[in-house]
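Beneath this line is the structure, given in structure tokens, with notes to follow.
Numbering (this note's numbering), first residue to last: -1 to 188.
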């Protein structure tokens, strides 16, 4: 029950509301969601964040990024593929978990900048990505990935104060790296 409509503006009301097949009226909030158990709405992302691949398939990055960051070793990731043949992802390893893993695997005392360059770390993170992406549809799975040492934060303007990604800022800051992944650079996921 948001509102009945815009006062004296029938056109704006028609653009903002829609009627379902069963006659119920709904407000277009701009959110993407799915029904859970037939009675709960789970918000999965925003319509404006979705992008279209060259093959015409639409990809909503938020739930895919969520699936990837469920790995305890991946703190953050950013998926892109707008008008591209496939999706690619920037991966920020979790500094605490990766440091502990590095200690156990003979790479202790290294900075995150140095760790992400080690083949042993790259192979390990790649396994984590493969495991996380196994549940994704084939066209959603990233084909390339690149690790980043510096996490996204409000201080570097990559996150908002409520910790939502500023996708345009990330793309602006790492645009060259992202574009390189589509020309063959970066690491293969599968």
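Beta carbons: idealized from backbone N, C-alpha and C, even for Gly.
When the beta-carbon positions are compared, residue 141 and residue 65 stay at least 8 Å from each other. In this structure residue 69 is buried. Its beta-carbon is surrounded by 16 or more other beta-carbon atoms within 10 angstroms. Counting only runs that start and end inside the segment 17 to 66, the alpha helix (DSSP H) elements of at least 4 residues fall at 59 to 66. Contact annotation: the segment 81 to 97 touches the segment 131 to 145, with at least three C-beta pairs closer than 8 Å.
Assignment of residue 160 by DSSP, reduced to helix, strand and coil, places it in the coil class.
Considered as a whole, the segment 97 to 170 harbours 140 to 145 as its complete beta strand (DSSP E) runs of no fewer than 3 residues, in chain order.
By the CB criterion at 8 Å, residue 55 and residue 137 fall inside the cutoff.
Residue 161 is classed as exposed because its beta carbon has fewer than 16 other beta carbons within 10 Å across all chains shown. By the CB criterion at 8 Å, residue 149 and residue 98 fall outside the cutoff. Secondary structure note for residue 85: its beta strand (DSSP E) is the uninterrupted segment 85 to 91.
Our two residues, residue 59 and residue 40, have alpha carbons roughly 16 Å apart in a direct line. Counting only residues of its own chain and dropping the five nearest sequence neighbours on each side, residue 111 has a CB closer than 6 Å to the CB of 147. Between residue 81 and residue 37, the C-beta gap is not smaller than 8 Å, which leaves the two residues out of contact.
Per DSSP, residue 74 is one residue of the beta strand (DSSP E) stretching across 72 to 78. Annotated as proximal: residue 118 and residue 103, with beta-carbon spacing under 8 Å.
A distance below 8 Å between beta-carbons, with the five flanking residues on each side excluded, links residue 159 to the following residues of its chain, in chain order: 152.
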